[in-house]
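**Q** 38 is the number of the first residue of the sequence shown in this note's numbering; add one for each residue after it.
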Amino acid sequence: MSNTTFTIGELAKEFDLTTRAIRFYEDMGLLAPERQGRNRVYTARDRARLLLTLRAKRLGLSLTEARDVLDMYDSPRDTVPQLEAFLRVLGAHRERLEAQMAELQANLAEVRAQETASRAALTRARKAATRATA
Numbered sequence: 038m039s040n041t042t043f044t045i046g047e048l049a050k051e052f053d054l055t056t057r058a059i060r061f062y063e064d065m066g067l068l069a070p071e072r073q074g075r076n077r078v079y080t081a082r083d084r085a086r087l088l089l090t091l092r093a094k095r096l097g098l099s100l101t102e103a104r105d106v107l108d109m110y111d112s113p114r115d116t117v118p119q120l121e122a123f124l125r126v127l128g129a130h131r132e133r134l135e136a137q138m139a140e141l142q143a144n145l146a147e148v149r150a151q152e153t154a155s156r157a158a159l160t161r162a163r164k165a166a167t168r169a170t171a
């Protein structure tokens, strides 16, 4: 593994994060930097875990789910259980997103129906106002 190390500021700049966010990820167990005195020293492994954490967030996974997935890769390299667990996490997340999508689609249909009804009422009101002024 590479001997490259990073400061918290370097990672924050590279990933467009605050140092506070990186410390939060550390508190959540996603990162485990070494210490040199009072300074945090992040390894290439920490950088990779941060990148994967941000990817998991973009997928909509919780930080706990992201940590669980990342921790699987720290265990012995038996890829079948790792992939099965990852697929379970992704499947559960997909089901939540699909349920949210169905709810959003129902809400959109209701909004469209209300828009149609409101436009019709507005047309009737304008015609009535025009007749009243004529």
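Positions of the beta carbon are idealized from the N, C-alpha and C atoms, including for glycine.
Who does Arg72 pair with in a DSSP beta bridge?
**A** Partner(s): Arg77.
**Q** Could you give the residue range of the alpha helix (DSSP H) that holds Asn144?
**A** Where Asn144 is concerned, the enclosing alpha helix (DSSP H) stretches over Thr116 to Thr170.
**Q** Report yes if the CB atom of Arg123 is closer than 8 angstroms to the CB atom of Arg84, and no otherwise.
**A** It should be pointed out that residue 123 corresponds to Phe in this sequence rather than to Arg. Cβ distance not < 8 angstroms, so Phe123 and Arg84 don't count as in contact.
**Q** Closest to Leu68 by C-alpha separation, out of Leu107, Arg125 and Gln142, would be which residue?
**A** Ranking Leu107, Arg125 and Gln142 by Cα distance to Leu68 puts Leu107 first.
**Q** At which residues does the alpha helix (DSSP H) containing Tyr110 begin and terminate?
**A** Premise fails: Tyr110 is in no alpha helix (DSSP H) and is neither H nor E.
**Q** Quick check: Leu87 and Tyr62, are their CB atoms within less than 8 angstroms of each other?
**A** It is a contact, given that the beta carbons lie within the stated cut-off.
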